[in-house]
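K.L.:
Last residue of the sequence shown? That's 346 in our numbering, and every number before it is there in order.
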Amino acid sequence: MMWHDRWNLTKRLTPQRLANAAAVGYSYQRAKATGHVAQAGLPISLAIEPTTSCNLRCPECPSGLRNFSRPTGMLQGELFMKIIDELSPALTYLTFYFQGEPFLHPQFLDLAAYANERNIYTATSTNAHFITEAKAEDIVRSGLCRMIISIDGTTQDTYQSYRIGGSLEKVKEATRLLVTAKKRLRSATPHLVFQFLVVRPNEHQIPEVYQLARSLGVNEVKLKTAQIYDYRTGSPLIPRQQKYSRYRPLPDGTYALKNNFENHCWKMWHSAVVTWDGKVVPCCFDKDAHHVMGDVSRQTFAQVWMSTAYHNFRKTLFKSRSEIAMCKNCTEGTQVWA
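This is the structure in C-alpha cells:
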C-alpha cells in the first residue's frame, strides 16, 4: 500500500506548488554553487506544534523531561488557520508535530481536516495512548494522510524502558482500532507507520517489530536513530550495532557524531517549524526555540521567511555550520545506516 501513500502525496503537487518547489530548489543549489545566499519561494514542508504537553516521560525528550525553558501551551485554531490560509497555495506537506502529544489537543482533528480541505498532505506522530474506537473513526474521517505510531519495543519491559509511563498494549489496541476503522470506512488513509527508535535496550527486537506490524496490518515500519543529548562520554541508549547509531566510538572512549558538517542545509530552504504560540524556528533540532526567526502571530509567514534574521542565519550555515549549537546533534548529512 506504500504506492497509495506516494500517490496521495504526488497528487497534491499543483502547478503552483511545483513552481514554488522549483524556485526553492534552484535558490538552494545556487547558494551551494556560488555562496550567494538568497531564498526564493515559500516552504514546501512545514511542521506545526499542536501542544507541548505529553503523557509520557521519555528520557531524551524535552516534553518527557518537563525541562522546557520556553512556555508550554496549546495551538490556537485562529493562528493555525491564518498560517494555512497564507501558505496553502505553496505548501505541499504539513506535519502536526514538534514536541508533545498531538492528541492531547482537543481540536487536533479539526485542524487536520482544515488542512486536508486545502489539499495539503498531512502527517502526525503519536504515542497512540488516546485513541478510542470513536476517535479512530474520527481520525479516518478527518482525512489525515499519515500517522506515525511510536512503538519502541515489542514487549512491555522493553517498551517502557524508553517510553516511561507508557503501555504497549494500548499502542497495539489503538493500531487495531485504526486498521478496523479504515476497513469499515473503506479508506486507505491514514497510512500507518510503526516508528521504532533504535536504542540499546530494544535493538535485538528489530525483526520482531516487522512481524508485529504485519500481524496488525500496519502499512510500514521505519527505524529511527536516537538523538542523545549528552553523547560524548557514551550512553546506555547508544546501540551496539553501529549502523543504528548516530554516533561513532573514538579511540579514547568518547563518541562523535557521524557527520562531516558541510556548510549548507537543505532544511533551511524548504521547511520550517512553528511552535504552538507562533514562533518560527529553523528546524526540529531547535526544540527549546533558541533560534526564533519571527512570530507569525504578529507577522505574515512570508515576512518571517524572508526576514533579515532568517537570511543571516542561512548565511551563518554557509560559513560555519558546526559552530551552531543545535547543528551539533543533527543528522543532516549523517550516514547512519553504513
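Yeah, the Cβ is synthetic: ideal placement off N, Cα and C, and Gly gets one too. Keep in mind that this is a model prediction, so the values were computed, not measured.
Using C-beta distances below 6 Å, list every residue in its chain close to arginine 322, excluding the 5 sequence neighbours before and after it, in chain order.
P.N.:
Answer for arginine 322: Val45, Met276, listed in chain order.
K.L.:
How many angstroms separate the CA atom of isoleucine 332 from the CA atom of lysine 287?
P.N.:
The straight-line gap from Cα to Cα measures roughly 19 Å.
K.L.:
May I have the straight-line CA-CA distance separating tryptophan 11 from isoleucine 56, to the nearest angstrom?
P.N.:
Near 26 Å, if we compare the C-alpha coordinates of isoleucine 56 and tryptophan 11.
K.L.:
Suppose you measure from the CA of lysine 232 to the CA of glutamate 125; what does that come to, to the nearest Å?
P.N.:
If you take the alpha carbons of lysine 232 and glutamate 125, they lie about 31 Å apart.
K.L.:
Relative to the alpha-carbon of proline 114, which residue among Thr130, Phe138, Ala310 has its alpha-carbon at the smallest distance?
P.N.:
Selected option, being the one with the closest Cα: Phe138.
K.L.:
Where do the ends of the alpha helix (DSSP H) carrying glutamine 219 lie?
P.N.:
It spans 214-224 - the alpha helix (DSSP H) in which glutamine 219 sits, taken as one unbroken run.
K.L.:
Assuming contact is defined by CB atoms lying nearer than 8 Å, are isoleucine 246 and tyrosine 239 in contact in what I supplied?
P.N.:
Contact flag set, yes.
K.L.:
How should glutamate 177 be labelled, buried or exposed, when 16 other C-beta atoms within 10 angstroms of its C-beta is the threshold for buried?
P.N.:
Answer is exposed; the Cβ neighbour count stays below 16.
K.L.:
Tell me the rounded alpha-carbon separation between glycine 49 and lysine 180.
P.N.:
Approximately 42 Å, taken between the alpha carbons.
K.L.:
Buried or exposed for histidine 199, going by 16 or more other Cβ atoms inside 10 Å?
P.N.:
Buried, since its Cβ has 16 or more Cβ neighbours within 10 Å.
K.L.:
Going by DSSP in three states, lysine 287 sits in which element: helix, strand or coil?
P.N.:
Correct three-state label for lysine 287: strand.
K.L.:
Measure the C-alpha to C-alpha separation of alanine 123 and valine 229 and round it to an integer number of angstroms.
P.N.:
The straight-line gap from Cα to Cα measures roughly 25 Å.
K.L.:
Can the beta-carbon of valine 201 be found closer than 8 Å to that of leucine 224?
P.N.:
Not a contact, by the Cβ cut-off of 8 Å.
K.L.:
Name the residue from Glu145, Ile147, Ala182 whose alpha carbon lies nearest to the alpha carbon of isoleucine 159.
P.N.:
Of Glu145, Ile147, Ala182, the residue nearest in Cα terms is Ala182.
K.L.:
Quick test of your reading: methionine 155 and threonine 140, contact by CB under 8 Å. State the CB separation rounded to the nearest angstrom.
P.N.:
Contact flag wrong, Cβ pair sits at about 15 Å.
K.L.:
By the 10 Å Cβ neighbour count, where 16 or more other Cβ atoms means buried, how is histidine 212 classified, buried or exposed?
P.N.:
Exposed, since its Cβ has fewer than 16 Cβ neighbours within 10 Å.
K.L.:
I need the DSSP call for leucine 21, collapsed to helix, strand or coil.
P.N.:
In the structure shown, leucine 21 sits in coil (DSSP, three-state: anything other than H, G, I, E or B).
K.L.:
Excluding sequence positions up to five away, which residues of its chain have a Cβ less than 6 Å from the Cβ of histidine 319?
P.N.:
There are no such residues.
K.L.:
Determine the contact status of aspartate 146 and leucine 117, defining contact as a CB-CB distance below 8 Å.
P.N.:
Yes, these two residues count as a Cβ contact at 8 Å.
K.L.:
Would you check if there are 3 or more beta carbon pairs closer than 8 Å linking the region 16-23 to the region 37-44?
P.N.:
Flag = no, the region 16-23 and the region 37-44 do not touch.
K.L.:
With isoleucine 128 and threonine 100 assumed to form a contact (beta carbons below 8 Å), what rounded beta-carbon distance in angstroms separates them?
P.N.:
Correct: roughly 7 Å between the Cβ atoms.
K.L.:
I need the DSSP call for glutamate 68, collapsed to helix, strand or coil.
P.N.:
Note: glutamate 68 maps to coil in three-state DSSP.
K.L.:
Given that a residue counts as buried once 16 or more other Cβ atoms are within 10 Å of its Cβ, and exposed if not, what is leucine 83?
P.N.:
It is buried - the Cβ of leucine 83 has at least 16 other Cβ atoms within 10 Å.
K.L.:
What does the alpha-carbon distance come out to for the pair valine 32 and leucine 87?
P.N.:
So the two alpha carbons sit approximately 25 Å from each other.
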